[in-house]
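Step one of this worksheet: look at the structure below.
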Amino acid sequence: LRGAVPDRWLELTLAEIAAWPIEVDRRPATIEQVFDVSDGSRSRWLLQGDLKQCEFVGAGMRSGDIVVESSVGYYAASFMRGGCVVVQGDAGAYAASSLRAGKVTIEGNVGPYAAAAAPNQSRGMAGGELIIQGNADQWLASRMRRGLVVVHGDVASGCATRMIAGTLAICGRVAMPIGCGMARGTLLLLEPQESYLNEGLLGFTPPSLCQLSFLPLLLQQLTPYLPAGLANEIRDSRWRRCLGDRAELGLGEVLLRQATEHPPSARLNPS
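With my numbering applied, the sequence shown covers 883 to 1153.
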């Protein structure tokens, strides 16, 4: 679906939309050869069917809304500059790569290089929001420069590599290494991981207790994007901070949440 986005269809007739050129298996085709097109809002799309092999959904869009009732292929919402994309399934590699603005929600898992630099690009995500309600594969937020990424599940190795700025919040477990070559930016690990708290992170300063003035505000901003119940658990948590990557003289920070003895969500209220 490269080039097929709501902001380019605002003034088109239904016949013109049906004749819009796309590629199928690297061969020229039209929208009507692949999709059943029904008339409706040009700025709000609903895509249905098996779209696991459909690439570039929402890529480059500047405005509008796309809801996909399926998983999608590579490059979903890449180079996006506005609008909203919701994928009610998984997304392939390079989801939201080189994202500039807008909001992207993936209700399943994402492949490698989500919110990272697209191929042949030096910059990763530079604005906008990416919410991943499942797990994330390797190299998440590589070369990220700005924006917000929230992952509800687990994250594979290599996240925040060469991160320059922005915020990455991870609710599940994270595989090492993380933050290699990190220059600036904030990485929050919301699930307590004792090995990281006790042994630290390779390339970063030892974990130290911190009371940061901006942290309550940051957590408040994150609350709408977090899984139900987690926001209450982290509100009164203690945090440790690591700075790095020291090999790059970096000033990036990793905030490690400490476990509490009785998290609020685990308490039982007798009836």
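Every residue gets a Cβ at the ideal spot worked out from N, C-alpha and C, and that includes glycine.
Check: Enclosing alpha helix (DSSP H) for ILE899 [first to last residue]; Outcome: 896-900
Check: Other residues of its chain near ARG1149: CB distance less than 6 Å, five sequence neighbours each side excluded; Outcome: At ARG1149, the pLDDT of 42 sits below 50, so the modelled position is not reliable; the number obtained from the coordinates is stated separately. Nothing listed; no residue qualifies.
Check: Closer than 7 Å: VAL906 CB and nearest the ligand ATP heavy atom; Outcome: This structure does not include the ligand ATP; it has no bound ligands of any sort.
Check: Cβ neighbours of TYR1107 in the same chain (closer than 6 Å, five flanking residues each side left out); Outcome: ILE1013, VAL1032
Check: Presumed contact (8 Å Cβ cut-off) between ALA1038 and GLY1067, rounded CB distance; Outcome: About 19 Å; that fails the 8 Å criterion.
Check: Within the stretch 1050-1085, ranges of the beta strand (DSSP E) (whole runs, at least 3 residues); Outcome: 1068-1071
Check: Under 8 Å between C-beta atoms of THR1043 and TRP1021; Outcome: yes
Check: Burial state of PRO888, where buried means 16 or more other Cβ atoms lie within 10 Å; Outcome: buried
Check: Pair within 8 Å by beta-carbon distance, PHE961 and ALA983; Outcome: no
Check: Range of the contiguous beta strand (DSSP E) that encloses ARG1025; Outcome: Careful: ARG1025 lies outside any beta strand (DSSP E) and carries neither H nor E.
Check: GLU914 versus LEU929, ASP907, ALA897, residue with shortest Cα-Cα distance; Outcome: ALA897
Check: Identity of the residues DSSP links to LYS934 by a beta bridge; Outcome: None, per the DSSP bridge assignment.
Check: Reduced DSSP category for LEU1138 - H, G, I as helix; E, B as strand; rest coil; Outcome: strand
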